[in-house]
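Per the numbering used here, the very first residue in the sequence shown carries number 1191; after that it's consecutive. Yeah, the Cβ is synthetic: ideal placement off N, Cα and C, and Gly gets one too.
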Amino acid sequence: HETDLAVGLESSTSQLGHLNSGTVKIYKDYANSADAIEAGTDHTHEVYYIKKQAEYNGNLYYLISRSPSSTSGAVGWVKNSDMSVQIHLGVDREAKTFYVKGTGSAYSKAWGGNKNLVISSLASLEDAAFAINLTEKVGDDVWYRGVLSGKTVWIHEDNLIKIQTIYSKYTHTFEEALTKQMGVLQQTDKYRNSAAYVASSNIGAAITADKTNLRRATKFEDNIAHIVSKGTPVTIVREVPGALSSGSTKWYEIKYAGETLYAHSSVVNPTAIIAKANVMSAQSGTSHVYGTLAAGTGVTIKKKGTAWHEISYNAWRNPTRSDVAEYLNPSNNDKFQHLLLSSSAGVSTIELNRVLVGKGILTGHGQTFINAGKQYGVNEVYLVSHALLETGQGTSPLASGVEVGKNAVGQLVVVTVANRSSLSDIKTTYNMFGVGAVDGNALAAGAIKAYNSGWFSPEKAIEGAANFISTNYLKKGQDTLYKMRWNPAVPATHQYASDIGWADKQTARMRSLYSMLDSYTITLDIPEYK
């Protein structure tokens, strides 16, 4: 009987474990305590495989090994009370690709310690693809083995973005799609600080209003010589005094059609476009065209030249073909451009409200976004990201509230100090996505759209925005940021924005919001051109 006790009751197991301290005893033979050594620094701060255990004299011992084997790499026996252990199970060997969040570390073994570190910080590898070839479970935690930056490593599930990817094939080539995109309005702010040029021959004095009277004297009595349209070029001879108009008595003596005539300074611009002109990226007619200016458009000359003048020009300009190609190419895109927007992120109200702190009218509306997303089948993280972009972090006039009322004939107009007393049915409107806010009349058009839609509270405006996106885009198959911007099924039609960087500008915020979640799975829909 004593011989049986010396052998102990050994059995197979599958666990991983860490030694609790450097004073832990490691036994060559659990039945011989005199043969023990202290773990010290040589055996701590690393994870061990446990493939065999033994019950002896009322104690449970684990055989620790640096290899997944009870024979190869074995170090010795340790009492279970001196270890932290977790059940170790294989899950699958299915190949899959996840992406690095940028948090945590990578190890040579699952549940590794400091001695098992391969990459101490994954911060610099954020968004890097992680090619997985083995999945295991340690306790309740899932660990993935794969290749990252050429190294085979283990990464905990919380530090990975779990992605399911589908691919949508289209019948046209990338170049065909690009050519179609170049045929419609595309805009970029990439060149906002770059010099812009107009041929000096296209700049001169010009009439700035249609049906302008050119007169034979500097007064408004019946002395009209010609009635001309906006953009008509004239030659300024000199400034002269004349009849008061628009708070000024300044007139110009001009040459037009071989005659000496007069026009008030309010209808003549000394530096205007005298014929439709291209705005160029360099002092050359073959350089890139930033845009065009209509005849009569006033310009500010920043620097005069002989053949070309540098002018002040707006921030939004035409992109080059290569600029458009860069954003159109799915291979260049942040993965969040291809996130299916019809599925919830599962984010909590607390997490969303944390993001919305200090965001103007949007502050505290996390639950509103969640409710709107559920009601209309729109990803709530996307709704927040889009609203922050469109409202200038929740501070734009359209988002903050614009009063609209009906005039005497029932037309909707924006309320002003001057017209308030003459309007009826005045209500404050809110528009979170700039819906209906057309260029050139954004405030009035967006506010009137909100009035007609019944968006008289921030909550209604958020719900309305979700409904608008769902109805007009997601339900029509444009269910990713990329599809909303580029519509790969029918290129250059029904596109949400003209800014080539529109989709890209939303991804950083979406990634930031997603990084706040402990664990999640997202589905990507990647376009594949013919």
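Assuming residue i and residue j make a contact with CB atoms under 8 Å, what is their CB distance in whole Å?
i       : j       : result
Ile1356 : Thr1697 : With 8 Å as the limit, Ile1356 and Thr1697 do not qualify as a contact, their Cβ atoms being about 19 Å apart.
Ala1602 : Lys1596 : In the sequence on display, residue 1602 carries Leu and not Ala. The pair is a contact, with the Cβ atoms about 6 Å apart (cut-off 8 Å).
Lys1639 : Asn1621 : 7 Å
Glu1236 : Asn1306 : 5 Å
Val1430 : Ile1444 : Incorrect: roughly 10 Å between the Cβ atoms, too far for contact.
Val1537 : Leu1671 : Actually they are not in contact, since the Cβ atoms of Val1537 and Leu1671 sit about 18 Å apart, beyond 8 Å.
Phe1526 : Ala1577 : At roughly 16 Å, the Cβ-Cβ gap does not stay under 8 Å, so Phe1526 and Ala1577 are not in contact.
Ala1562 : Leu1573 : 6 Å
Ala1453 : Arg1405 : 7 Å
Ser1533 : Leu1664 : No, Ser1533 and Leu1664 are not in contact; Cβ-Cβ is about 11 Å, not under 8 Å.
Met1273 : Leu1199 : Actually they do not touch by this definition, with Cβ atoms about 19 Å apart.
If you measure between the beta carbons of residue i and residue j, is that distance less than 8 Å?
i       : j       : result
Gly1591 : Lys1549 : no
Ala1433 : Thr1398 : no
Val1290 : Glu1326 : no
Tyr1503 : Tyr1517 : no
Val1388 : Val1489 : yes
Tyr1217 : Ala1244 : no
Lys1720 : Thr1363 : yes
Glu1718 : Tyr1360 : yes
Val1571 : Ala1535 : yes
Leu1368 : Arg1511 : yes
Ala1321 : Gly1303 : no
His1346 : Asp1330 : no
Val1265 : Arg1256 : yes
In chain order, what residues of the same chain have a beta carbon less than 7 Å from the beta carbon of residue i, not counting five sequence neighbours either side?
i       : result
Ser1311 : Ser1295
Asn1657 : Tyr1566
Asp1282 : Thr1325
Ile1240 : Thr1203, Gln1205, Leu1206, Gly1207, Tyr1252, Leu1253, Ile1254, Val1275
Lys1370 : Pro1681, Ala1682
Ala1319 : Thr1287, Tyr1289
Glu1192 : Because Glu1192 sits at a pLDDT of 40, beneath the cut-off of 50, its placement in the model cannot be relied upon, and the point is left open.
Asn1677 : Gln1668, Thr1683, His1684, Gln1685
Trp1645 : Thr1619, Tyr1620, Asn1621, Ala1651, Gly1654
Thr1487 : Ala1462, Ile1463
Asn1522 : Glu1516
In whole angstroms, what separates the C-alpha of residue i from that of residue j?
i       : j       : result
Asn1323 : Glu1284 : 6 Å
Thr1618 : Phe1410 : 44 Å
Val1458 : Ala1395 : 7 Å
Ser1211 : Glu1228 : 9 Å
Thr1425 : Thr1496 : 19 Å
Glu1649 : Ser1314 : 39 Å
Met1372 : Asp1513 : 10 Å
Lys1530 : Glu1653 : Note that residue 1530 corresponds to Leu in the displayed sequence, not to Lys. For Leu1530 and Glu1653, the distance between alpha carbons rounds to 19 Å.
Asp1194 : Trp1301 : Note that Asp1194 has pLDDT 42, beneath the 50 cutoff, so the model's placement of it is unreliable and no number is given.
Ala1385 : Arg1675 : 28 Å
Ile1414 : Leu1613 : 40 Å
Asn1270 : Ala1224 : 18 Å
Val1343 : Pro1258 : 16 Å
Ile1353 : His1499 : 52 Å
Ile1463 : Leu1483 : 7 Å
Val1328 : Ser1660 : 41 Å
Val1308 : Leu1633 : 55 Å
Ile1501 : Val1594 : 38 Å
Ala1472 : Ile1551 : 43 Å
Val1214 : Gly1230 : 8 Å
Lys1494 : Asp1615 : 53 Å
Lys1380 : Arg1544 : 32 Å
Lys1242 : Gly1554 : 55 Å
Ser1456 : Lys1440 : 8 Å
Cβ of residue i less than 8 Å from any chain D Cβ?
i       : result
Ser1477 : Of the protein chains in this structure there is only one, and it is not chain D.
Leaving out the 5 sequence neighbours to the left and right, which residues in its chain are closer than 6 Å to residue i when beta-carbon positions are compared?
i       : result
Asp1400 : Ser1419, Lys1420
Ser1474 : none
Glu1541 : Met1706
Asp1715 : Ile1356, Ser1358, His1528, Leu1530, Thr1670
Arg1382 : Ala1505
Ser1575 : Gln1696, Arg1699, Met1700
Pro1520 : Ile1716, Pro1717
Tell me which residues share the same chain as residue i and place their Cβ nearer than 8 Å to its Cβ, disregarding the 5 neighbours each side in the sequence.
i       : result
Thr1539 : Gly1556, Gln1557, Ile1560
Thr1378 : Trp1506, Arg1507, Asn1508, Pro1509, Asp1513, Asp1689, Ile1690, Gly1691
Thr1711 : Lys1352, Ile1353, Gln1354
Asn1642 : Leu1602
Ala1627 : Leu1588, Asn1621, Leu1633, Ala1635, Gly1636, Lys1639
Ser1598 : The identity of residue 1598 in the sequence shown is Ala, whereas the question assumes Ser. Around Ala1598: Ser1612.
Segments assigned beta strand (DSSP E), at least 3 residues, entirely inside the stretch 1562-1646: The qualifying runs are 1592-1596, 1602-1604, 1614-1619.
Complete beta strand (DSSP E) runs within the stretch 1206-1254 (minimum length 3 residues, chain order): Taking only runs of at least 3 residues, the beta strand (DSSP E) segments lying wholly in the stretch 1206-1254 are 1215-1217, 1226-1228, 1238-1246.
Length-filtered (3 minimum) beta strand (DSSP E) runs lying within the stretch 1315-1391: Those beta strand (DSSP E) runs which fall completely within the stretch 1315-1391 and span 3+ residues are 1319-1328, 1331-1338, 1341-1346, 1350-1359, 1386-1389.
Length-filtered (3 minimum) beta strand (DSSP E) runs lying within the stretch 1425-1497: As far as the stretch 1425-1497 is concerned, its whole beta strand (DSSP E) runs of at least 3 residues are 1425-1435, 1438-1446, 1449-1454, 1458-1463, 1467-1470, 1479-1483, 1491-1493.
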